[in-house]
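The structure appears below as structure tokens.
Residue numbers (UniProt numbering): 1 to 162.
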């Protein structure tokens with residue numbers, strides 16, 4: 001049985017219901033931008049429940065144009081007012097070379113991607129840069145309540161960067 005099939009079976013066995021009763025706007029008016037790393041359980045780490053916050057994830061928790069799109073929708077259509085950018089120690093994107101990755105993909109597929117993997121070398125600087133990109137975006141309504149953190153995987157604690 002594939003992992004997808006097993007996930008569907010676990011879903012059926014869990015008997016989760018009632019999610020449709022939760023209103024779509026996040027109760028805490030919070031959006032969290034973070035990494036897709038499977039070790040990061042945002043709800044558990046931040047003490048959140050379903051319906052509390054929007055969680056926007058990608059490789060590295062990097063603030064890209066698509067993240068800005070999601071945060072703009074979150075704020076303008078669903079009422080969020082605060083944004084947390086949370087990146088973490090031990091991230092696989094640290095040290096990833098965009099050029100090498102693009103070249104690898106081109107060698108294997110014959111097509112060079114137009115997008116960048118968004119690898120980075122300095123974790124704290126990447127957090128600062130992400131927060132700054134959000135604060136500069138004309139598409140966001142609430143740019144004053146944006147904070148950036150590093151999640152220390154060893155302790156599970158957040159360290160504020162900006």
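Positions of the beta carbon are idealized from the N, C-alpha and C atoms, including for glycine.
If we ignore side chains and look at the alpha-carbon of each, how far apart do residue i and residue j end up?
i: residue 110; j: residue 104; result: 10 Å
i: residue 112; j: residue 106; result: 5 Å
i: residue 47; j: residue 108; result: 42 Å
i: residue 34; j: residue 116; result: 17 Å
i: residue 56; j: residue 42; result: 10 Å
Can you tell which of the options has its C-alpha closest to the C-alpha of residue i?
i: residue 51; options: 23, 78 and 159; result: 23
i: residue 70; options: 139, 158 and 148; result: 139
i: residue 100; options: 17, 118, 84 and 91; result: 118
i: residue 82; options: 156, 45, 63 and 31; result: 31
i: residue 150; options: 141, 91, 98 and 132; result: 91
Per the DSSP calculation, residue i is bridged to which residue(s)?
i: residue 149; result: 86 and 160
i: residue 141; result: DSSP lists no partner for residue 141.
i: residue 33; result: 56 and 85
i: residue 101; result: For residue 101, which the question treats as bridged, DSSP gives no partner whatsoever.
At which residues does the alpha helix (DSSP H) containing residue i begin and terminate?
i: residue 73; result: 65-78
i: residue 14; result: 3-14
i: residue 57; result: Premise fails: residue 57 lies in the beta strand (DSSP E), 53-58, not in any alpha helix (DSSP H).
i: residue 111; result: No alpha helix (DSSP H) contains residue 111, which DSSP labels as neither H nor E.
i: residue 130; result: 123-136
i: residue 42; result: 42-46
For the structure I just gave you, are there three or more beta carbon pairs, one from the stretch 11-20 and one from the stretch 71-78, closer than 8 Å?
No, because fewer than three Cβ pairs between the stretch 11-20 and the stretch 71-78 fall closer than 8 Å, the two stretches do not touch.
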